[in-house]
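Student:
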Amino acid sequence: MTQQFPKHFTIFLLQTLRTTTISGVLSLLLALGSGVKSITETKGIPKLFTLLVGLSSAYTARDLLLKRQHLQDVAYDMDLVSRKQNISWWVENLKPATLTATLEYSQQWVIDNLVPDLLEYQHKQDKHFLLIGGTGDGKSTLIQAIAQRWAGEVSVYDVDYAKGDWGFIDSGNITYEPEEIAAQMELDLEELEKRIDQRREVGKHKYSAMLEEGDIKRRLIIAEEMPALANQFDIVADWIRGMAKRGRKPGLFIAALAQNDTVENLGVSGDKDIINSCFVRVYLGSKARERAKQLKNNALLEWLKELPRGRFLVDDRPCEWLITSSSTNTLPSLPPSAPLHDSLQAQHNLIGVESLRSTAQTGFEVNEVAFEGSISARKTAILLAQAGYSKSAIVRELWGVTGGASYSRYMGQVKEWLE
283 MTQQFPKHFT
293 IFLLQTLRTT
303 TISGVLSLLL
313 ALGSGVKSIT
323 ETKGIPKLFT
333 LLVGLSSAYT
343 ARDLLLKRQH
353 LQDVAYDMDL
363 VSRKQNISWW
373 VENLKPATLT
383 ATLEYSQQWV
393 IDNLVPDLLE
403 YQHKQDKHFL
413 LIGGTGDGKS
423 TLIQAIAQRW
433 AGEVSVYDVD
443 YAKGDWGFID
453 SGNITYEPEE
463 IAAQMELDLE
473 ELEKRIDQRR
483 EVGKHKYSAM
493 LEEGDIKRRL
503 IIAEEMPALA
513 NQFDIVADWI
523 RGMAKRGRKP
533 GLFIAALAQN
543 DTVENLGVSG
553 DKDIINSCFV
563 RVYLGSKARE
573 RAKQLKNNAL
583 LEWLKELPRG
593 RFLVDDRPCE
603 WLITSSSTNT
613 LPSLPPSAPL
623 HDSLQAQHNL
633 IGVESLRSTA
643 QTGFEVNEVA
653 FEGSISARKT
663 AILLAQAGYS
673 KSAIVRELWG
683 VTGGASYSRY
693 MGQVKEWLE
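Take any residue in the sequence shown, count from 1 to its spot, add 282: that is its number in the working numbering.
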């Protein structure tokens, strides 16, 4: 640390300040004493002399005290300069330490933090969906694929709906008139209260079991173009808050689509924590790359650029899902993206899954004899398990079943194969 002023100058200044203070105080006391003395003196030369001494002492005291004030200001300024010098020194010397503390991301970080299956991740997190993407980034395509794999009921609020957009969803579950959407949101809040009451009556454990068994349907409500709805109706804010904070335990989930991740886009200004605490954030396309830049994660950014249409971020972690179409169904489907690209066996497995899917979708009833006794199905199930798929994901991929009696039978068959 450099010294701002010479040491001898500082010592001289302090000594002068001390001397001036003492002299000023003594002169002031002499002036006061002379004033008192002059009052008691009789008229004549002694009294006049005493008055002159008192006045000169008072003037000297005033001058010394003013000089003392000036010297004190100089000393104060010197102290400020010295402090600034100290701060500059510390800042300059701490810069290298700050730079060395910067987190470096690598390709291995991307591999280690890969989200293998978005739906299973959402199920474990027990949160809602928030899909963030610009125009043409694939929000609608991804949410339709998610809806196809959702184990339960799906409803859609889409002000831009056109015939054929949601061909796999019953038209009665699609609402597109803004006023009707607002009315339906009020009904959703009523259903929320009924489900909460039911859960309270039967108990949380039994209610959770009923959700898992499909006795109570897990419901996904997709809200396209949330900003447009939020700007038009006040009910949207209450709907978002109610469903986001209370809907998960009774099995009511929402999927909101927006072009950025601000709470204003959801119509809940002032509730900034709701997104992080209640939603699985999915960044797509350009928004995913922007997010990677914000995170200063160059490895993640380069990974996203390699496959712009098939890679995205899930809660700031990488996820890779290629949306494909089967030969008999033009609607998108999402095969789970467990780290299959590193395994030749897994690639063979995907071919087997697509083949089995095609067989199942040709219009023939897939019965227990055809599937449960199938050697290829058994091999495929084993390969899927080796690739990291859960038993429920294997059942879903082989037979497209997510609940009911058939699900239990197929689950038992998979467990038997894997034992």
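We treat Cβ as the ideally placed atom computed from N, Cα and C, and that holds for glycine.
Taking 7 Å as the CB-CB limit, is Ser-672 close to chain D?
Tutor: Among the protein chains of the structure shown there is no chain D, as only one such chain exists.
Student: Helix or strand or just coil, what does DSSP make of Ser-388?
Tutor: In this structure, Ser-388 counts as coil in the three-state DSSP scheme.
Student: Would you tell me roughly how many angstroms separate the C-alpha atoms of Gly-485 and Lys-527, rounded to the nearest one?
Tutor: Between Gly-485 and Lys-527, the C-alpha separation is close to 19 Å.
Student: For Tyr-443 and Tyr-458, I'd like the C-alpha separation in whole angstroms.
Tutor: Tyr-443 and Tyr-458: Cα-Cα distance of roughly 6 Å.
Student: Hey, could you find the ends of the beta strand (DSSP E) Ser-568 is sitting in?
Tutor: No beta strand (DSSP E) holds Ser-568; the alpha helix (DSSP H) holding it covers 567-576.
Student: Between Trp-448 and Gln-426, which are expected to be in contact by the criterion C-beta below 8 Å, what is the C-beta distance as a whole number of angstroms?
Tutor: The Cβ separation is near 7 Å, so the contact holds.
Student: Using 10 angstroms around the beta-carbon of Tyr-513, count the other beta-carbons present and answer buried if the total reaches 16, otherwise exposed.
Tutor: Just to set this straight, residue 513 is Asn in the shown sequence, not Tyr. Flag for Asn-513 reads exposed.
Student: Please look up how many angstroms separate the CB atoms of Val-518 and Met-467, rounded, as I've assumed it's under 8 Å.
Tutor: Right, the Cβ-Cβ distance comes to about 7 Å (below 8 Å), so this counts as a contact.
Student: Could you check which residue in Ile-478, Leu-424, Arg-300, His-405 has the C-alpha nearest to that of Phe-594?
Tutor: Checking every option, the nearest Cα to that of Phe-594 belongs to Leu-424.
Student: Please state if the CB of Leu-566 and the CB of Asp-419 are separated by a distance shorter than 7 Å.
Tutor: Cβ distance < 7 Å, so Asp-419 and Leu-566 count as in contact.
Student: Evaluate the contact criterion for the segment 486-504 versus the segment 547-556: three or more CB pairs, one atom per stretch, below 8 Å.
Tutor: The segment 486-504, when compared against the segment 547-556, does not touch it at the 8 Å Cβ threshold.
Student: On the premise that Leu-586 lies in contact with Tyr-387, defined as a C-beta separation below 8 Å, what is that separation, rounded to the nearest angstrom?
Tutor: At roughly 13 Å, the Cβ-Cβ gap does not stay under 8 Å, so Tyr-387 and Leu-586 are not in contact.
Student: Would you list the residues sitting across from Thr-457 in a DSSP beta bridge?
Tutor: In DSSP, Thr-457 forms a bridge with Tyr-439.
Student: List the endpoints of the continuous alpha helix (DSSP H) containing Ala-675.
Tutor: From DSSP, the alpha helix (DSSP H) with Ala-675 extends over 673-681.
Student: Note down, in chain order, each residue of its chain lying with its Cβ closer than 6 Å to the Cβ of Ala-667, except the 5 sequence neighbours on either side.
Tutor: Closer than 6 Å at the Cβ level, and outside the excluded window around Ala-667, lie Leu-700.
Student: Less than 7 Å between the beta carbons of Leu-539 and Leu-413, yes or no?
Tutor: In contact: Leu-539 and Leu-413 (Cβ atoms closer than 7 Å).
Student: Is Thr-332 buried or exposed, if buried means 16 or more other CB atoms sit within 10 Å of its CB?
Tutor: Thr-332 should be labelled buried.
Student: Pop quiz: Val-562 and Gln-407 are said to be a contact at Cβ under 8 Å. What is the actual Cβ separation, rounded to whole angstroms?
Tutor: With a Cβ gap of about 6 Å, Val-562 and Gln-407 count as contacting.
Student: Measuring straight from C-alpha to C-alpha, what distance separates Ser-674 and Lys-445?
Tutor: Cα to Cα, the separation comes out at about 33 Å.
Student: Leaving out five residues before and five after Phe-515 in sequence, what residues of the same chain have Cβ atoms less than 6 Å from its Cβ?
Tutor: These residues qualify, in order along the chain: Ala-464.
Student: Below 8 Å on the Cβ atoms is my guess for Val-441 versus Glu-507; work out the distance and round it to an integer in Å.
Tutor: Sure, about 6 Å apart at Cβ, within 8 Å.
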